[in-house]
Amino acid sequence: MEYILDTADIKAIKHCNEFYPLSGVTTNPSIIAKENRNFWDIVKEIRDIIGPDKTFFAQTVQKTADKIVEEAVLMNEKSGGDFCVKIPICEEGLKATMELKKLGIKVLMTAIFTPAQALIAAKAGADYVAPYVNRLDNIIGDGCEVVAQIVEQFAIYDLPCKVLAASFKNAEQVHKCALSGCQCVTVTDDVLKAVITHPMTDAAIGGFEKDWQNVYGEKTILDF
Ligand code: G3P
């Protein structure tokens, strides 16, 4: 499982990159627009934090295949390290994906809501597909089941495309997707924190602290 952070919030990226085993950072036009700053400044700041080896994902805002390719090539050149362009699924996007594969640029096909969309994206050469789990759950569409079916299809057809599940609102959704064998999840810092949090863990840690302090006070192992 690869954990990827779904934000352009520099503070959150700094924090999560330090404390969690992240493989990269994903953004989309809505996430970038929230920052309301120069696009390239945001890209540079994210890259400075994550370094060249972790993957940075940014989405094209173009509508035609030629322009999508042009924008992807530019972002790939200027991203300062491992890069993957996000392209929403549509005819122009599929054409652009096939072109970008020839140029050796990684593609994530995004805004995926059905296994059928995912299968065609993978056949076009996408390196990743991003099904939107919570947006499906919001319309009783069982996002985790869609993710499971995509994973199953790629196994049946022996396709190398990875499933990078997106749009999460809670830890349960992440857990269900992990059980289905999806290779990556992209989550916010809040969801990441929810994944590692458990009241029984807090109680266990509290108990250890209390028992130790009853005998040794503030002394730590380093003080012996
Ligand atoms: O970038 C795709 C996805 O993670 C969006 O999530 O919360 O806008 O449904 P959300």
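So for the sequence shown, my numbering puts the first residue at 4; every next one is plus one.
All C-beta atoms in this analysis are idealised placements derived from N, C-alpha and C, irrespective of residue type, glycine included.
Quiz item: the ligand G3P heavy atoms versus the CB of Arg138: any closer than 6 Å?
Solution: yes
Quiz item: For Ala119, which of Ala151, Lys89, Asn137, Asp140 has the nearest alpha-carbon?
Solution: The shortest CA-to-CA distance from Ala119 to any of Ala151, Lys89, Asn137, Asp140 is the one to Ala151.
Exercise. Following the continuous alpha helix (DSSP H) through Asp192, name the residue where it begins and the one where it ends.
Key: 192 to 199
Exercise. Consider the C-beta atom of Asn141 and the heavy atoms of the ligand G3P; say whether any pair is separated by less than 6 Å.
Key: no
Quiz item: Is it true that the region 195 to 206 meets the region 218 to 225, where meeting means three or more beta-carbon pairs spaced less than 8 Å apart?
Solution: no
Quiz item: Apart from the five residues just before and just after Ala174, which ones in its own chain have a Cβ nearer than 7 Å to its Cβ?
Solution: Excluding five sequence positions before and after Ala174, the CB atoms of its chain that fall closer than 7 Å to its own CB belong to Val194, Ala197, Val198, given in chain order.
Practice problem: Apply the 10 Å Cβ neighbour rule to Arg50 and answer buried if 16 or more other Cβ atoms are within range, or exposed otherwise. | Solution: buried
Practice problem: Output the boundary residues of the alpha helix (DSSP H) element that contains Thr204. | Solution: 202 to 219
Quiz item: What are the start and end residues of each continuous alpha helix (DSSP H) run of 4 or more residues lying completely inside the region 71 to 140, in chain order?
Solution: Fully enclosed alpha helix (DSSP H) runs of no fewer than 4 residues occupy 94 to 105, 118 to 126, 136 to 140 of the region 71 to 140, in order along the chain.
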